[in-house]
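Engineer: Here it is, the structure in full.
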Amino acid sequence: MSIHLIERKSRVSELLFEINAVHCNLNEPFIFTSGWASPVYVDCRKIISMPRQRREIIQIAAEAIDTAIGRDSFDVAAGGETAGIPFAAWLSDYYYKPMVYVRKQKKGFGRKSQIEGELEDGKKVLLVEDLATDGKSKVNFCNAIREAGAEVDHAIVVFFYGIYPNAERIISDAGITLHALTDWRTNLEVGMAKGYFDAKQSSEIKIFLDDPETWSKAHGGA
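With my numbering applied, the sequence shown closes on residue 250, and no number is skipped along the way.
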C-alpha cells in the first residue's frame, strides 16, 4: 500500500470524526439490517450537510478514481438508492458526466425498471455508494445495471467496513472491484491517535474487528 494511499485513508477518517459521523456505544450495540451487532457505526449521511468536508471527500474520491480506475473508464455514475444518490451526483458533476440511480426494487416492468434516468445499452457505469458492509447490496445494484444492458466493473464507497466474512469474496465473485476511501482499521488508528476513542473503547473495538462474528453473537446479533 502506497504512502499516499495510507495518507488518503487517514484523512478521510479524520474528516468522518470531524463531522461526528463515527459512533461508538459499548452498552447498547448497533444492530444492522443484516442482523449483525456492532459496537461502532459510521453515518456517512452526515457528509451531505457538511460542505467543507464534503468537498474534500469528493476531491479525494476523484483522486482515487483517477489513480485506480481512470476518469475515461466510465461513462455514467450510478448512485444506489438512497444513500448513494448524492455522492453519485457530486461525482458526476465533478466529471461532467451523466448520472442515474438504481432502485433497491424494480418499479414497473422491463429490464430497465430498476434504473432511474437515461442509461443507454453498452455504457460503462461506475457504481457510487456511501458505504459497504457485507457487499450484498452492491452486487444487487450492479446486477440491475447489467440487466439494463450496461457494463459495470467498479464500485467506489466512502467507507468499507472491511471485516465481515466473505464480503470481499461476494463482491469479487460478482466481477466487481471495490474501491474504498477508508475503513474501520484506519478509523481505529485515527481514533486512538487523535483521542476520539478512550482505552476501553479502543480495546473493545479491536476485539470486534478481529472477530466480528463472535462479538456480534455475544451481544445479541446474528
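Backbone N, C-alpha and C fix where the C-beta goes; we use that ideal spot for every residue, glycine too.
Quick test of your reading: Trp64 and Gly248, contact by CB under 8 Å. State the CB separation rounded to the nearest angstrom.
Structural biologist: One-based indexing of the sequence shown puts residue 64 at position 36. One-based indexing of the sequence shown puts residue 248 at position 220. With 8 Å as the limit, Trp64 and Gly248 do not qualify as a contact, their Cβ atoms being about 10 Å apart.
Engineer: Excluding the 5 residues flanking Leu216 on each side, which residues of the same chain have their C-beta closer than 8 Å to its C-beta?
Structural biologist: Residue 216 sits at position 188 when you count from the first residue of the sequence shown. Phe225, Ser230, Ile233, Lys234 and Leu237.
Engineer: Looking at Gly223 and Val156, is the spacing between their C-beta atoms short of 7 Å?
Structural biologist: Here the question's residue 156 lines up with position 128 in the sequence shown. Here the question's residue 223 lines up with position 195 in the sequence shown. Taking 7 Å as the Cβ cut-off, Val156 and Gly223 do not qualify as a contacting pair.
Engineer: According to DSSP, simplified to helix, strand and coil, what is Gly107?
Structural biologist: The residue given as residue 107 occupies position 79 in the sequence shown. Strand.
Engineer: Can you grab the Cα-Cα spacing for the pair Ala246 / Gly98, in whole Å?
Structural biologist: Counted from its first residue, the sequence shown places residue 246 at position 218. Counted from its first residue, the sequence shown places residue 98 at position 70. Cα to Cα, the separation comes out at about 43 Å.
Engineer: What is the DSSP secondary structure of Phe187, reduced to helix, strand or coil?
Structural biologist: Numbered from 1 along the sequence shown, position 159 holds the residue referred to as residue 187. It is a strand residue.
Engineer: Is the distance from the Cβ of Val128 to the Cβ of Phe169 below 7 Å?
Structural biologist: Numbered from 1 along the sequence shown, position 100 holds the residue referred to as residue 128. Numbered from 1 along the sequence shown, position 141 holds the residue referred to as residue 169. The answer is no: Cβ separation not under 7 Å.
Engineer: Expressed to the nearest angstrom, what Euclidean distance is found between the alpha-carbon atoms of Ser324 and Gly136?
Structural biologist: Outside the modelled stretch of the chain, which goes from 29 to 250, sits residue 324, for which no answer is possible.
Engineer: Which of helix, strand or coil does DSSP assign to Thr242?
Structural biologist: Residue numbering aside, residue 242 sits at position 214 when the sequence shown is read from its first letter. Reduced to three states, the DSSP call for Thr242 is helix.
Engineer: Three-state secondary structure (DSSP) at Lys151?
Structural biologist: Here the question's residue 151 lines up with position 123 in the sequence shown. Correct three-state label for Lys151: coil.
Engineer: Quick one: residues in its chain with C-beta nearer than 6 Å to the C-beta of Gly177, no 5 flanking neighbours on either side, listed in chain order?
Structural biologist: Position 149 of the sequence shown, counted from the start, is the residue given in the question as residue 177. Cβ neighbours of Gly177 beyond the five flanking positions: Asp149.
Engineer: Going by C-alpha distance, which of Trp212, Glu46 and Val68 is nearest Ile75?
Structural biologist: Here residue 75 is taken as the residue at index 47 of the sequence shown, counted from 1. Answer by Cα proximity: Glu46.
Engineer: Compute the Euclidean distance between the alpha carbons of Gln81 and Asp162, then round it to the nearest angstrom.
Structural biologist: Within the sequence shown, numbered from 1, the residue matching residue 81 stands at position 53. Within the sequence shown, numbered from 1, the residue matching residue 162 stands at position 134. When rounded, the distance between both Cα atoms is 26 Å.
Engineer: Based on DSSP bridge pairs, tell me the residues matched to Thr214.
Structural biologist: For the purposes of this step, residue 214 is taken as the residue at position 186 of the sequence shown. According to DSSP, Thr214 bridges with nothing at all.
Engineer: Can you tell me whether Tyr26 is buried or exposed, with buried defined as 16 or more other CB within 10 angstroms of its CB?
Structural biologist: As displayed, the chain neither begins before 29 nor continues past 250, which places residue 26 out of reach and without an answer.
Engineer: Determine, using beta carbons only, whether Val68 and Ala49 come nearer to each other than 7 Å.
Structural biologist: If you number the sequence shown from 1, residue 68 lands on position 40. If you number the sequence shown from 1, residue 49 lands on position 21. No.
Engineer: Between which two residues does the beta strand (DSSP E) holding Tyr129 run?
Structural biologist: For the purposes of this step, residue 129 is taken as residue 101 along the sequence shown, with counting starting at 1. It spans Met127 to Val130 - the beta strand (DSSP E) in which Tyr129 sits, taken as one unbroken run.
Engineer: Can you tell me whether DSSP reads Ser38 as helix, strand or coil?
Structural biologist: Against the sequence shown, residue 38 aligns to sequence position 10. Here Ser38 sits in helix by DSSP.
Engineer: For the alpha helix (DSSP H) that contains Tyr69, what are its first and last residues?
Structural biologist: As a first step, residue 69 is located in the sequence shown; it is residue number 41 there, counting from the start. Not the alpha helix (DSSP H): Tyr69 falls in the beta strand (DSSP E), residues Val68 to Val70.
Engineer: Report the partner residues of Glu157 according to the DSSP bridge assignment.
Structural biologist: Indexing the sequence shown from 1 puts residue 157 at position 129. Partner(s): Val185.
Engineer: Using 7 Å as the threshold, is the C-beta distance between Lys166 and Ala160 below it?
Structural biologist: In the sequence shown, the residue the question calls residue 166 occupies position 138. In the sequence shown, the residue the question calls residue 160 occupies position 132. Contact: yes.
Engineer: Does the Cβ-Cβ distance between Ala116 and Ala105 come in under 7 Å?
Structural biologist: For the purposes of this step, residue 116 is taken as the residue at position 88 of the sequence shown. For the purposes of this step, residue 105 is taken as the residue at position 77 of the sequence shown. Contact: yes.
Engineer: For Gly219, count neighbouring Cβ atoms within 10 angstroms of its own Cβ and tell me buried if that reaches 16, exposed if not.
Structural biologist: Here residue 219 corresponds to residue number 191 of the sequence shown, with the count starting at 1. Gly219 should be labelled buried.
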